[in-house]
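Written below as structure tokens is the structure these notes are about.
Residue numbers (the UniProt record's numbering): 1 to 356.
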């Protein structure tokens, strides 16, 4: 029986185990959206994961959705990420950059003068976004024109190329959690009647074009995609996600991607199993739970449901999580008050098992 501690070959990238650090926004980037020395320490501490997946990194200025998030669209940003990849590789780890365009999830105060968030359609999200000047109501986003959609695809490609230049082993394209790619997939945020919207297949077009273009640029073996079918986060409504995501997976299946990363938004596993059947490559699952992903969730590997499992808050609080899982604990408790922003507290100061 295959276990979570067994190695796996990820399209030519050897992984020491089947445990992944899930991508998590931490809002601790330096000036100009750069990675810092603290960023390098944070990811290097977690390099015992088979695969480290970074926080969301914006591919363009307008792709930023939260304060102090990093980018991969300037020379300074690329150079700063090299220190991170070097630190992870020095500890024997493998690291993918998650490329995330926030779309409508953002606010003009986070963007240079004159810019507003963009999306598939001019549909304002309900709720507020946190900014450096406090919570702000979401605004109506600018609907991307056909030319702007194509330019945004090109931004993903450039950022992915920059990621490889910065030493990343690959990239994960963020198609989940209500951000731009997800906004094109969901029927309540994509009201378009052109080639980028309408039918289930048409709503997948943006995601497919981004995946194809990035895979053509850096290689499919270096390209992964994250999705979260039915996830209501960030005011997404997908009442019948089966048709949309089946069409999406069928479209990307022939590309030979490194992996498909499924964030389970509900405890209903039927759709996950259907997508697993439709995708012949490596499948990573971020298991649904009522709280932080639990220590026993790696049974999805034992049962053959997934090839890797990603851990979020549990890995955030336990930098040596693979060793703790193998030992059966103990586990540090995550502190939500330090998840976003700040300094080393709640970021790089969680003790390792040998320090407990």
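Positions of the beta carbon are idealized from the N, C-alpha and C atoms, including for glycine. Note that the structure is predicted; figures quoted are calculated from it, not measured.
According to the Cβ coordinates, are residue i and residue j closer than 9 Å?
i, j, result
"residue 68", "residue 28", "yes"
"residue 5", "residue 18", "yes"
"residue 179", "residue 102", "yes"
"residue 32", "residue 77", "yes"
"residue 153", "residue 206", "yes"
"residue 286", "residue 268", "no"
"residue 107", "residue 139", "yes"
"residue 312", "residue 22", "yes"
"residue 182", "residue 99", "no"
"residue 301", "residue 260", "no"
"residue 223", "residue 258", "yes"
"residue 72", "residue 151", "no"
"residue 357", "residue 43", "Look at the range of the chain in this structure, 1 to 356, and you will see that residue 357 is not part of it."
"residue 170", "residue 282", "no"
"residue 132", "residue 110", "yes"
"residue 184", "residue 177", "no"
"residue 20", "residue 52", "yes"
"residue 221", "residue 175", "no"
"residue 314", "residue 342", "no"
"residue 357", "residue 24", "With the chain covering only 1 through 356, there is no way to say anything about residue 357."
CA-CA distance, residue i and residue j?
i, j, result
"residue 309", "residue 46", "15 Å"
"residue 305", "residue 216", "29 Å"
"residue 353", "residue 49", "15 Å"
"residue 54", "residue 194", "34 Å"
"residue 197", "residue 119", "12 Å"
"residue 160", "residue 117", "21 Å"
"residue 173", "residue 238", "20 Å"
"residue 137", "residue 303", "44 Å"
"residue 329", "residue 11", "31 Å"
"residue 337", "residue 265", "23 Å"
"residue 212", "residue 218", "10 Å"
"residue 163", "residue 40", "15 Å"
"residue 104", "residue 340", "20 Å"
"residue 168", "residue 146", "31 Å"
"residue 113", "residue 278", "45 Å"
"residue 333", "residue 148", "44 Å"
"residue 344", "residue 155", "31 Å"
"residue 322", "residue 296", "12 Å"
"residue 7", "residue 318", "21 Å"
"residue 284", "residue 121", "30 Å"
"residue 66", "residue 57", "11 Å"
"residue 59", "residue 1", "40 Å"
Which class does residue i belong to by DSSP, given the choice of helix, strand or coil?
i, result
"residue 339", "coil"
"residue 325", "helix"
"residue 132", "coil"
"residue 144", "coil"
"residue 63", "helix"
"residue 42", "helix"
"residue 290", "Residue placement at residue 290 is flagged as unreliable, the pLDDT there being 46, under the threshold of 50; a coordinate-derived value is accordingly withheld."
"residue 301", "helix"
"residue 379", "The chain is shown from 1 up to 356; residue 379 falls before or after that span and cannot be answered."
"residue 276", "helix"
"residue 218", "helix"
"residue 223", "strand"
"residue 113", "coil"
"residue 259", "strand"
"residue 157", "helix"
"residue 139", "coil"
"residue 84", "helix"
DSSP puts residue i in a beta bridge; with which residues?
i, result
"residue 9", "14"
"residue 96", "53 and 170"
"residue 19", "309"
"residue 77", "Paired residue(s): none; residue 77 is not in a bridge."
"residue 252", "In the DSSP output, where bridge partners are listed per residue, residue 252 has none listed."
"residue 285", "262 and 309"
"residue 118", "142"
"residue 71", "58"
Closest Cβ-Cβ distance between residue i and chain C: below 9 Å?
i, result
"residue 191", "The structure shown contains no chain C, having only a single protein chain."
| So does the segment 80-87 actually touch the segment 121-132, counting three or more Cβ pairs closer than 8 Å? | Contact fails: fewer than three Cβ-Cβ distances are below 8 Å.
| message | Below 8 Å, how does it come out for the segment 199-215 and the segment 241-252: are there three or more Cβ pairs, yes or no? | response | In short, these stretches touch, since the Cβ pair count reaches three.
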